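A.B. asks: Before anything else, here's the structure in question.
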Amino acid sequence: MNKSIQFQKCSASEESRLQALQSVLAKTKKPFKSGDRIGIKLHWGEIGNKNYLSPLYAREIVKWLQAAGIKPFVVDTTVLYSGGRRDGQESLKTAAKHGFTEEYLGCPIRIGDGLDGKSIIDLPAGFKHFKTVQTGKVVQDADGFVILSHFKAHMEAAFGGSIKNISMGFASRAQKQRMHADAKPKLIKAKCIKCSECVDVCPTGAATMAENNFPVYDPAKCIGCAQCIAMCPETALKIIWDTDIKVFQEKLVETAAAIWRVIQNKTVVINAVIDIVAECDCLPGNHHKIAEDKGFLSTYHPVLADAEAIKLLGAAPFDQAHPNIPWQRQFEYAKEIGFSNF
Ligand code: SF4
Ligand code: SF4
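Just so we're aligned, residue 449 is where the sequence shown starts under my numbering, counting upward by one.
Here's what the structure looks like:
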């Protein structure tokens, strides 16, 4: 495995960030050839999210690839919840609203599992949780990928970076559900002010206000997305896990590992270690920063990319943002299943 890492630090200014990315790209060897169709896998942000990566960076990667005769496209997949990315058409509208247009980027924008979420394939996995893993067909169809990830904390995975962008990011809706299935909200009544915010953000109708005005959560409808937990203004909701808290991370890692077998020799992994906030770009809102910007890094393995990002930031921001979730588990489990050897 090619373990080379390129890193360039930056300040919080847009100019400094862009220069850092340009510097990293200039030093990054492309495992692609002229004419290849290369997907730039990124997250263009849920409707109402204020922390997603600017399309400026994707456009820079497009230029970097096109300069070598490569044909890039930008790609993301549909999601489980009903915000602005549930189906392909809605998601493309959200992308455009956030500045990710063909005109601006200079390349096509695709939905990796099809506009209807049905362009999917099953990959062999053979792991403890998943014998197979279902992903967007783009994983198989593209000649390679640039995985561009916003590194930040995450309320179920502790941190979200390249592993998560490959795993949840390429997964079919069914696979996303299989990964989330064990997490459910639990109300702490003493803290609840009955504001109904959790009901408003619930994408499935699982959360409703009961007659006595406390919210209730229907386990049959709940998809474990944790939007209610993240958006509650009083932190009156906690995640209860049907199984071990670490299982979500293990499922995340297994999915990434199965996909990685398909794309490993034709993929560059880039972590943007900037705007490091407490929550995922899937959640609406402007989430609080937990660390200063560090810069951009590129390498050729998602576990290495995420390990480097944690090294740059230290453990404290993640320990403090989500103290009950051991961020180390993604790395430990990646090693246990042979996804990484470091
Ligand atoms: S968002 Fe929080 S405080 Fe508001 S009703 Fe739901 S649990 Fe209660
Ligand atoms: S985790 Fe919360 S927001 Fe998500 S589906 Fe369940 S009740 Fe609704």
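Here a beta-carbon is modelled for each residue, glycine too, at the ideal position from N, C-alpha and C.
It should be emphasised that the depicted structure is a prediction, and the values quoted were computed from it without experimental measurement.
Going by alpha carbons, who is nearest to GLY554 out of VAL510, ASN497 and GLU463?
C.D. replies: For the purposes of this step, residue 554 is identified with residue 106 of the sequence shown, where counting begins at 1. The residue with the shortest Cα to Cα distance from GLY554 is VAL510.
A.B. asks: Out of ASN719, CYS646, VAL725 and VAL701, which has the shortest C-alpha to C-alpha gap to GLY786?
C.D. replies: Walking along the sequence shown from the start, residue 786 turns up at place 338. That would be VAL701, whose Cα lies nearest to the Cα of GLY786.
A.B. asks: Could you name the residues of the same chain whose beta carbon sits closer than 8 Å to that of PHE696, not counting the 5 residues immediately before and after it, in chain order?
C.D. replies: Counting from 1 along the sequence shown, the entry for residue 696 is found at position 248. So the list reads GLU604, ALA605, MET627, HIS628, ASP630, ALA631 and TRP689, once near-sequence residues are dropped.
A.B. asks: For LYS642, is the beta carbon positioned less than 6 Å from some heavy atom of ligand 1?
C.D. replies: To locate residue 642, count along the sequence shown from 1; it is residue 194. The answer is yes for LYS642.
A.B. asks: How is ASN719 classed by DSSP in three states: helix, strand or coil?
C.D. replies: The sequence position of residue 719 within the sequence shown is 271, counting from 1. If DSSP states are grouped into helix, strand and coil, ASN719 belongs with the strands.
A.B. asks: Once you ignore the five residues that flank ALA655 on each side, which residues in its own chain have a CB closer than 6 Å to its CB?
C.D. replies: Taking the sequence shown and counting its residues from 1, one reaches residue 655 at position 207. Correct list, in chain order: CYS646, VAL647, PRO663, TYR665 and CYS676.
A.B. asks: Along the chain, where does the alpha helix (DSSP H) that runs through GLY536 open and close?
C.D. replies: Taking the sequence shown and counting its residues from 1, the one referred to as residue 536 is at position 88. Per DSSP, GLY536 belongs to the alpha helix (DSSP H) from 536–545.
A.B. asks: Can LEU473 be considered in contact with ligand 1, in the sense that its beta carbon sits closer than 6 Å to one or more heavy atoms?
C.D. replies: Within the sequence shown, residue 473 is the residue found at index 25, counting from 1. Answer for LEU473: no, Cβ out of range of ligand 1.
A.B. asks: Nearest by alpha-carbon distance to ALA638: which of TYR505, GLU682 and THR703 is it?
C.D. replies: Residue numbering aside, residue 638 sits at position 190 when the sequence shown is read from its first letter. When only C-alpha atoms are compared, the closest one is GLU682.
A.B. asks: Go ahead and pull the three-state DSSP assignment for ASP791.
C.D. replies: Since the first residue shown for the chain is 449 and the last is 790, residue 791 is missing from the structure and cannot be characterised.
A.B. asks: Is it a yes or a no for the segment 516–531 touching the segment 741–749, going by three-plus beta-carbon pairs under 8 Å?
C.D. replies: Judged by Cβ distances under 8 Å, the segment 516–531 makes no contact with the segment 741–749, as fewer than three pairs qualify.
A.B. asks: Quick check on ALA654 - is its C-beta less than 7 Å from some C-beta in chain D?
C.D. replies: Included in the structure is just one protein chain, with no chain D present.
A.B. asks: Classify ASP564: buried if its beta carbon has 16 or more other beta carbons within 10 angstroms, exposed otherwise.
C.D. replies: As a position in the sequence shown, residue 564 is number 116, starting the count at 1. ASP564 should be labelled exposed.
A.B. asks: May I ask whether a heavy atom of ligand 2 can be found less than 6 Å away from the beta carbon of GLN675?
C.D. replies: Counting from one through the sequence shown, the residue named residue 675 turns up at place 227. Under cutoff, so the answer is yes.
A.B. asks: I believe ILE486 touches PHE607 by the beta-carbon criterion, under 8 Å. Please report the beta-carbon distance rounded to the nearest angstrom.
C.D. replies: Locating residue 486 in the sequence shown gives position 38, where the first residue counts as 1. Locating residue 607 in the sequence shown gives position 159, where the first residue counts as 1. Actually they do not touch by this definition, with Cβ atoms about 26 Å apart.
A.B. asks: By the three-class DSSP mapping on this structure, what secondary structure does LYS477 have?
C.D. replies: Walking along the sequence shown from the start, residue 477 turns up at place 29. DSSP places LYS477 in coil when its eight states are reduced to three.
A.B. asks: With DSSP as the reference, label ILE773 as helix, strand or coil.
C.D. replies: For this step, residue 773 is matched to residue 325 along the sequence shown. Coil.
A.B. asks: Mind reading off the beta-carbon distance from ILE611 to PRO750? Whole number of angstroms is fine, and I expect it under 8 Å.
C.D. replies: Residue mapping note: residue 611 aligns to position 163 of the sequence shown, counting from 1. Residue mapping note: residue 750 aligns to position 302 of the sequence shown, counting from 1. About 5 Å separates the two Cβ atoms, so the contact holds.
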